[in-house]
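Take a look at the structure set out below.
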Amino acid sequence: MSELLDSGFDIYIREDNSSYKYEELLTDDSFIKYEKGQNITIEKGYRRNGESMENMPYLLVKDGTVIAGMDFYGSMKEDMDIEDSKVIHICMDENCVASSKEKFIDIKFESMNLLDKLELEAVKEVFGKKLWLIPSGYNDDTTDFVYGIAWRTNSDSLFWNEYYCYIRFDENKKMREFTLSTSIARDKK
8 MSELLDSGFD
18 IYIREDNSSY
28 KYEELLTDDS
38 FIKYEKGQNI
48 TIEKGYRRNG
58 ESMENMPYLL
68 VKDGTVIAGM
78 DFYGSMKEDM
88 DIEDSKVIHI
98 CMDENCVASS
108 KEKFIDIKFE
118 SMNLLDKLEL
128 EAVKEVFGKK
138 LWLIPSGYND
148 DTTDFVYGIA
158 WRTNSDSLFW
168 NEYYCYIRFD
178 ENKKMREFTL
188 STSIARDKK
């Protein structure tokens with residue numbers, strides 16, 4: 008997590024469970040800005056808090072713009088300082104995507120800028136065998152427009168031993184939503 012701070016991002020921590028209104032996330036006291044060196048710990052254990060922004064315990068912010076909701080992991084055995092934790096889940100909804108576009112913030116996954124038009128051939132070229140789900144065709148139901156990307160390894164010597172990602176997009180091939188979740192290797196003894 009400290010790499011995010013060092014790269015100019017801000018992290019906001021959920022304080023209460025107010026209703027989700029994107030435009031008020033940073034102003035209604037539901038989230039407070041994390042200051043480097045603050046004494047915040049990630050509770051031991053592995054957990055994700057859902058697939059939607061409404062449930063995210065942390066926000067990723069750049070230049071006052073909420074880019075995504077996130078979850079962190081520290082250790083299975085002990086609580087860990089937030090700066091030593093790892094991102095295990097990222098969620099961008101339509102509000103995050105629209106605001107990132109408006110502020111010209113690039114969102115890249117591997118080498119692909121997700122705010123560019125998501126042409127199938129370009130997606131195949133970047134993700135190759137990791138791409139396991141493509142839309143069956145274009146119709147009026149935009150909920151069918153999704154790319155599924157997954158990577159797995161049987162190694163316990165990597166921190167993340169698998170991830171899966173869904174990129175939902177509209178009829179113009181522009182991203183609407185993005186989720187990325189990881190599974191972790193077992194903690195070393």
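Plus 7 on top of the position in the sequence shown (first one is 1) and you've got my numbering.
No residue lacks a Cβ here, since even glycine has one placed at the ideal position from N, Cα and C.
Just so you know, these numbers come straight off a predicted model, no measurement behind them.
- Put simply, the backbone Cα of PRO142 is about 5 Å away from that of PHE152.
- The Cβ atoms of ILE191 and TYR80 lie closer than 8 Å to each other.
- Judged by DSSP secondary structure, GLU85 falls outside any beta strand (DSSP E); it is assigned neither H nor E.
- Minimum Cα-Cα distance from PHE134 among the listed residues SER37, ALA157 and ILE112 corresponds to ALA157.
- Here DSSP, grouped into helix, strand and coil, assigns MET99 to strand.
- Going by beta carbons, TYR19 and VAL94 fall outside the 8 Å limit.
- Straight-line measurement puts the Cα of LEU187 at about 10 Å from the Cα of PHE116.
- In the structure shown, GLU31 falls within a helical segment according to DSSP collapsed to helix, strand and coil.
- Under the three-pair Cβ rule at 8 Å, the region 94-108 counts as touching the region 179-186.
- Assigned with DSSP and collapsed to three states, PHE38 falls in strand.
- When DSSP states are grouped into helix, strand and coil, GLU169 belongs to the strand group.
- The beta-carbon separation of ILE39 and ILE89, rounded to 13 Å, does not stay under the 8 Å limit for a contact.
- No Cβ-Cβ contact shorter than 8 Å links VAL130 with CYS103.
- Per the DSSP secondary-structure output, GLY155 pairs in a beta bridge with LEU140 and TYR173.
- By the neighbour-count definition (other C-beta atoms within 10 Å, threshold 16), ARG159 is an exposed residue.
- Under the three-state reduction of DSSP output, LEU187 falls in the strand class.
- In this model, ARG54 and GLU178 are separated by some 34 Å (Cα to Cα).
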